[in-house]
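There are 2 protein chains.
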Amino acid sequence: MNTNKIHIVDTTLRDGSHAVSHSFTADQAVAVSEGLDKAGVEMIEISHGDGIAGSSLNYGFSKQPEMELIKAASGVIKNAKLTVLLLPGIGTIEDLRMAQENGAAAVRVATHVTEADIAIQHISWAKQAGLFTVGFLMMAHMATPEKIVEQAKIFADAGADYINLADSAGYMTPEDVRARIAALKNAVSLPIGFHSHNNLGLSVANSLAAVEEGATYIDATCRGLGAGAGNTQIEVLCAVMERLGYNTGVNSFALMDVAEDIVEPLMQRPQVIRTDSLLLGYAGVYSSFLLHTRRAAEKYGLTPREILVELGRRGMVGGQEDMIVDVAYELSRKGT
Amino acid sequence: MNTNKIHIVDTTLRDGSHAVSHSFTADQAVAVSEGLDKAGVEMIEISHGDGIAGSSLNYGFSKQPEMELIKAASGVIKNAKLTVLLLPGIGTIEDLRMAQENGAAAVRVATHVTEADIAIQHISWAKQAGLFTVGFLMMAHMATPEKIVEQAKIFADAGADYINLADSAGYMTPEDVRARIAALKNAVSLPIGFHSHNNLGLSVANSLAAVEEGATYIDATCRGLGAGAGNTQIEVLCAVMERLGYNTGVNSFALMDVAEDIVEPLMQRPQVIRTDSLLLGYAGVYSSFLLHTRRAAEKYGLTPREILVELGRRGMVGGQEDMIVDVAYELSRKGT
């Protein structure tokens with residue numbers, strides 16, 4: 001058993017933002033952050049779903065500017081590190097500087113699992129600016145454990161405080177997680193974190209598998225709010241970890257109350273596994289593909305299933321959303 | 001890897017009945033059964049949620065008599081075994097005879113995990129009547145692997161065709177499941193099955209763990225419909241098992257359609273993990289306690305959480321619902 005302190009990272013106000021169409025208000029950010037902080041959560045991530053400066057036509061506009069949300073949340077947090085997500089190419093160092101001015105104390109710099117090198121300057125800047133800095137590898141199912149170790153070392157050399165692996169598509173099984181976390185633990189001296197999606201109904205089990213292999217930072221959200229089928233449900237994960245005897249420092253009963261009393265009322269739909277998100281996990285494609293896939297399916301008289309499975313077969317990655325229409329067109333021609 | 005044929009058992013029309021207040025109609029039973037049968041599901045369980053003859057003031061009245069549902073479903077099933085659940089003490093051999101006359105081809109005789117002996121006569125009768133007969137141990141987390149082996153042998157001696165273990169409270173972790181299934185595989189020559197609840201978000205992972213240890217019959221329901229936080233979501237489980245290369249014989253895409261097009265529209269609430277059902281799994285108490293607990297909590301000014309955790313601490317079992325009020329009364333006196 002992993003007897004280290006397990007640090008719980010809540011990303012309701014960041015990844016969860018996808019599931020409410022980026023509609024969080026400052027009042028909501030305050031209520032959620034305050035509840036999480038009092039429950040003992042150590043890092044509270046708040047940003048547009050696609051990271052700071054994600055508010056756009058392409059990724060969806062935020063209802064209220066995220067800097068206002070960050071500032072409001074920072075006013076009520078007493079112990080947790082207020083954290084932002086930064087995707088180089090979407091957000092910039094200037095955006096990060098503004099987030100820090102508004103109260104952010106930590107940043108997670110996220111890249112596709114094979115593109116850590118585009119984050120070197122952001123991680124270096126963040127460390128020098130005094131931020132707690134995390135290197136975050138997305139779509140980790142698309143790379144071997146060896147490739148992941150290579151990429152993690154780039155983050156480590158740039159100065160990251162820990163390395164976070166993300167199963168962004170909710171594709172992995174516990175064995176997939178074990179192989180990747182174990183490889184990182186063997187090769188990198190930094191703490192390791194894990195971020196899961198529930199598309200295959202495995203997010204809690206995958207998080208437990210990560211911890212068993214030595215991961216010490218675990219992402220989760222209230223009610224599992226998040227892209228696709230959602231993230232690991234924080235109140236469930238923490239209750240299980242409490243019963244298993246892990247030292248998380250959080251009060252799982254308090255988290256249950258935050259989830260039920262504060263987050264559930266602001267949800268736009270229940271966080272369940274419907275066919276579309278199940279297929280995202282089954283095919284291993286990014287959840288941002290879903291909306292584009294639905295549109296393309298309608299346009300070309302296909303099912304989203306046909307398109308998603310083909311995207312997975314081709315190993316399409318985030319940023320290639322424009323190609324979904326091409327794939328749909330090709331599939332529709334084959335069918336005639 | 002378990003290379004045996006994995007038999008998928010759907011219990012949407014039985015355990016799922018709890019989640020729709022036992023309101024299934026014959027038309028719904030026909031639509032669900034036909035869809036499951038065409039998708040390749042091998043056993044389709046249909047009964048009141050608490051087994052045949054469960055319709056009552058205590059367990060909730062069925063909207064339409066279950067024998068009518070059984071008869072209607074039997075008219076459309078071509079390959080699957082139409083299955084009923086029988087809890088000795090609730091249903092009788094006479095009820096089972098009627099179910100067989102209406103088309104049931106299999107029965108699962110269920111007892112508390114330490115009370116297999118009360119099912120001997122039912123199992124013997126069912127075998128002699130030509131039914132495919134299953135011995136089903138509920139609340140399996142409350143007994144050690146050794147005790148479970150002892151109880152399974154009682155079923156085996158009575159003539160059961162396979163032994164099914166049920167994590168009725170959704171309490172188990174994958175390791176709990178592995179220990180119990182492995183012990184059964186070592187000690188009993190019959191096939192082993194597993195039935196999971198999702199109160200701790202672990203039902204898919206627990207089902208995979210069961211199969212890895214040699215279980216060959218796995219229960220699940222469309223959309224996870226079921227008591228408490230629901231059962232293993234069949235379309236999710238089958239998609240994962242398909243990707244992992246297991247031989248289930250089911251078409252997981254067809255199951256996704258049954259779940260989304262037929263079952264989802266008849267659901268009364270989304271099958272998510274809310275605080276009450278999370279606490280059932282955390283405390284390890286039976287889901288039928290929930291309604292009684294809510295009522296007792298209101299009556300004595302307590303939270304359901306306080307009562308459920310105390311019930312788990314006392315090891316209360318199904319049938320002791322009447323004692324919930326006493327426990328609540330004691331707790332309320334302590335608080336004064």
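Sequence order for the protein chains is A and B. Per the numbering used here, the first sequence runs over residues 1 to 336. Per the numbering used here, the second sequence runs over residues 1 to 336. Even glycine gets a Cβ: it sits at the ideal position worked out from N, Cα and C. Source: prediction; values computed, not measured.
DSSP three-state assignment for A/Met98, whether helix, strand or coil: Reduced to three states, the DSSP call for A/Met98 is helix.
Residues near A/Ala119 in its chain [Cβ-Cβ closer than 6 Å; skip 5 each side]: Excluding residues within five positions, the ones whose Cβ falls inside 6 Å are Pro88, Val109 and Thr111.
DSSP bridge partner residues for A/Tyr162 (one or two, in chain order): A/Tyr162 pairs with A/Val134.
Contacts that B/Leu202 makes with chain A (C-beta to C-beta distance below 7 Å): The answer, in chain order, is Val204 and Ala205.
Per-residue burial, B/Phe24 [other beta carbons within 10 Å of its own, 16 or more giving buried]: Buried is the call here.
Contact set for B/Glu34: own chain, Cβ-Cβ below 6 Å, skip 5 residues either direction: Non-local beta-carbon contacts of B/Glu34 in its own chain, meaning distances under 6 Å to residues more than five positions away in sequence, involve Val76 in chain order.
Limits of the unbroken alpha helix (DSSP H) element including B/Lys71: Membership of B/Lys71 in the alpha helix (DSSP H) is indicated by the continuous run Glu66 to Ser74.
Outcome for A/Thr3 when other beta-carbon atoms lying within 10 angstroms are tallied against a minimum of 16: By the C-beta density criterion, A/Thr3 is exposed, having fewer than 16 other C-beta atoms within 10 angstroms.
Inter-stretch contact at 8 Å, needing at least 3 Cβ pairs: the region 319-333 of chain A / the region 193-203 of chain B: They do not touch, by the three-pair rule.
Rounded straight-line distance, which links the Cα of B/Asp276 to that of A/Asn102: When rounded, the distance between both Cα atoms is 38 Å.
Length at least 4, wholly inside the region 187-214 of chain A: the alpha helix (DSSP H) runs in chain order: Those alpha helix (DSSP H) runs which fall completely within the region 187-214 of chain A and span 4+ residues are 203-212.
From B/Leu331, B/Pro270, B/Cys238 and B/Asn247, residue whose alpha carbon lies closest to that of B/Asp257: In terms of CA proximity to B/Asp257, B/Cys238 leads the group B/Leu331, B/Pro270, B/Cys238 and B/Asn247.
Sub-8 Å separation of B/Ser124 and B/Gly159 beta-carbons: Contact: yes.
For A/Leu290, the first and last residue of its enclosing alpha helix (DSSP H): Annotation for A/Leu290: the continuous alpha helix (DSSP H) segment containing it runs Phe289 to Tyr300.
Residue-level contact to chain B via CB, A/Thr338, 8 Å cutoff: Residue 338 of chain A lies beyond the residue range present for chain A, which begins at 1 and ends at 336; the question has no answer from this structure.
The region 162-173 of chain B in contact with the region 137-147 of chain B per 3-pair CB rule at 8 Å: Enough Cβ pairs lie closer than 8 Å, so yes.
Beta-carbon spacing of A/Leu331, A/Leu302 below 8 Å: Note that the C-beta distance between A/Leu331 and A/Leu302 is below 8 Å.
Residues in the region 231-254 of chain A having any Cβ partner in chain B nearer than 9 Å: Correct list: Thr232, Gln233, Glu235, Val236, Leu237, Ala239, Val240, Glu242, Arg243, Leu244, Ser252 and Phe253.
Cβ pair count under 8 Å reaching 3, the region 178-190 of chain A against the region 172-179 of chain B: No, they do not touch.
A/Met43 to A/Glu146 span [Cα, whole Å]: For A/Met43 and A/Glu146, the distance between alpha carbons rounds to 28 Å.
Interface flag, B/Glu260 vs chain A, CB-CB below 8 Å: Judged by the 8 Å Cβ criterion, B/Glu260 is in contact with chain A.
Candidates B/Leu82, B/His7 and B/Phe61: closest to B/Leu13 by CA position: Residue B/Leu82 is the option with its Cα nearest to B/Leu13.
Min CB distance B/Leu36 to chain A below 8 Å: Closer than 8 Å to the CB of B/Leu36 there is not a single CB belonging to chain A.
Pair within 8 Å by beta-carbon distance, B/Tyr162 and B/Pro191: For B/Tyr162 and B/Pro191, yes; Cβs fall inside 8 Å.
Three-state secondary structure (DSSP) of B/Asp276: B/Asp276: helix per DSSP, three-state reduction.
Range of the contiguous alpha helix (DSSP H) that encloses A/Met139: That residue, A/Met139, is in no alpha helix (DSSP H); it is neither H nor E in DSSP.
Contacting positions in the region 274-303 of chain A - beta carbon closer than 7 Å to chain B: If you check each beta-carbon in the region 274-303 of chain A against every beta-carbon of chain B, the ones closer than 7 Å belong to Arg274, Thr275, Leu278 and Tyr282.
Three-state secondary structure (DSSP) of B/His48: B/His48: coil per DSSP, three-state reduction.
Cross-chain neighbours of A/Gln271 in chain B, by beta carbon under 8 Å: Those are Val272, listed as they occur along chain B.
Beta-bridge pairing of B/Ile8 - partner residues as DSSP gives them: Under DSSP, the beta-bridge partners assigned to B/Ile8 are B/Ile218.
Burial state of A/Gly245 (16 or more Cβ within 10 Å): Per the 10 Å Cβ criterion, exposed.
Nearest neighbour of A/Ala209, chosen from A/Thr221, A/Phe132 and A/His195 [CA to CA]: Here the closest residue by C-alpha is A/His195.
Near-chain A residues of the region 167-179 of chain B - C-beta to any C-beta below 8 Å: Residues Thr173 and Pro174.
Which residues DSSP lists as bridging A/Gln121, in chain order: A/Gln121 pairs with nothing; no bridge assigned.
Exposed unless 16 or more other CB atoms sit within 10 angstroms - verdict on B/Lys71: Sixteen is the threshold: when 16 or more other Cβ atoms of the shown chains lie within 10 Å of the Cβ of B/Lys71, as they do, the residue is buried.
Separation of A/Ala104 from A/Ser74, as counted between CA atoms: As the crow flies, the alpha-carbon of A/Ser74 is around 7 Å from that of A/Ala104.
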